[in-house]
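Colleague:
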Amino acid sequence: MNPYEAGYAGMDATGPFESISGTLMSIPFCIATTLLHGTPTMAQMTSYGDAQVNALIERIQLQADEQVPRLCCALELTLEGGETLEQDQRMTTADYAYDRAGVRALIRRVGAESSIPEAVYEGLERVVDDPVQHFDALFACFESARKAAQASGAAR
């Protein structure tokens with residue numbers, strides 16, 4: 422990784438973890454979770470005691486490399502049989518400039534893990550489409566989301 426990103430607070434953390442803020446920032450945790458489970462979910466990001474993930478974290482080495490641009494990484498994976506797989510992942514800010522459909526899909530995927538009702542997303546979209554006419558609906562969306570979080574035990 423680029424030294425600036427590799428040196429950012431928490432990026433090199435290997436645990437033990439006690440909060441999602443720690444796991445979200447930890448490159449070793451994110452790589453281990455992804456290799457073992459695929460695309461991470463919020464539930465996996467809070468599975469601090471996952472023995473397989475924690476064992477794999479110990480085998481991951483984060484290295485700063487001036488030749489790697491920001492937002493990019495070079496991955497090298499050595500399999501048990503000695504075979505090496507490499508991926509040079511080049512990204513730019515354009516890769517993170519989601520259009521509305523991309524934002525909608527991402528928010529709904531993450532929100533689905535939180536039991537937020539579909540009506541909340543539909544209400545938010547109406548506010549975005551016409552803020553003047555639907556501004557009052559924004560507060561109803563927040564109230565619905567709060568109630569859903571309380572019902573699922575997420576809010577305290």
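To get our numbering, take the position in the sequence shown, counting from 1, and add 421.
Ideal Cβ placement from N, Cα and C applies to all residues, glycine included.
Predicted model, so just to flag it, every value in this text is computed and none were measured.
(1) Among residues of its own chain, excluding the 5 on either side of residue 467, which ones have a beta-carbon nearer than 8 Å to its beta-carbon?
(2) Could you spell out where the alpha helix (DSSP H) holding residue 554 opens and where it closes?
(3) Take residue 570 as the anchor and find which of 473, 534, 513 has the nearest alpha-carbon.
(4) Please say whether residue 477 and residue 448 have beta carbons closer to each other than 7 Å?
(5) Going by beta-carbon coordinates alone, are residue 566 and residue 528 separated by less than 7 Å?
(6) So, are the CB atoms of residue 438 and residue 469 less than 7 Å apart?
(7) Going by DSSP, what residue range makes up the alpha helix (DSSP H) through residue 477?
Modeller: Considering the structure as presented:
(1) When the five nearest sequence neighbours on each side are left out, the beta carbons in the same chain lying within less than 8 Å of the beta carbon of residue 467 are those of 441, 444, in order along the chain.
(2) Its alpha helix (DSSP H) spans residues 552-573.
(3) Comparing alpha carbon positions, the residue from 473, 534, 513 closest to residue 570 is 534.
(4) No.
(5) In this structure, residue 566 sits away from residue 528, with a CB-CB distance that is not shorter than 7 Å.
(6) In this structure, residue 469 lies closer than 7 Å to residue 438 by Cβ.
(7) 472-478 is the extent of the alpha helix (DSSP H) around residue 477.
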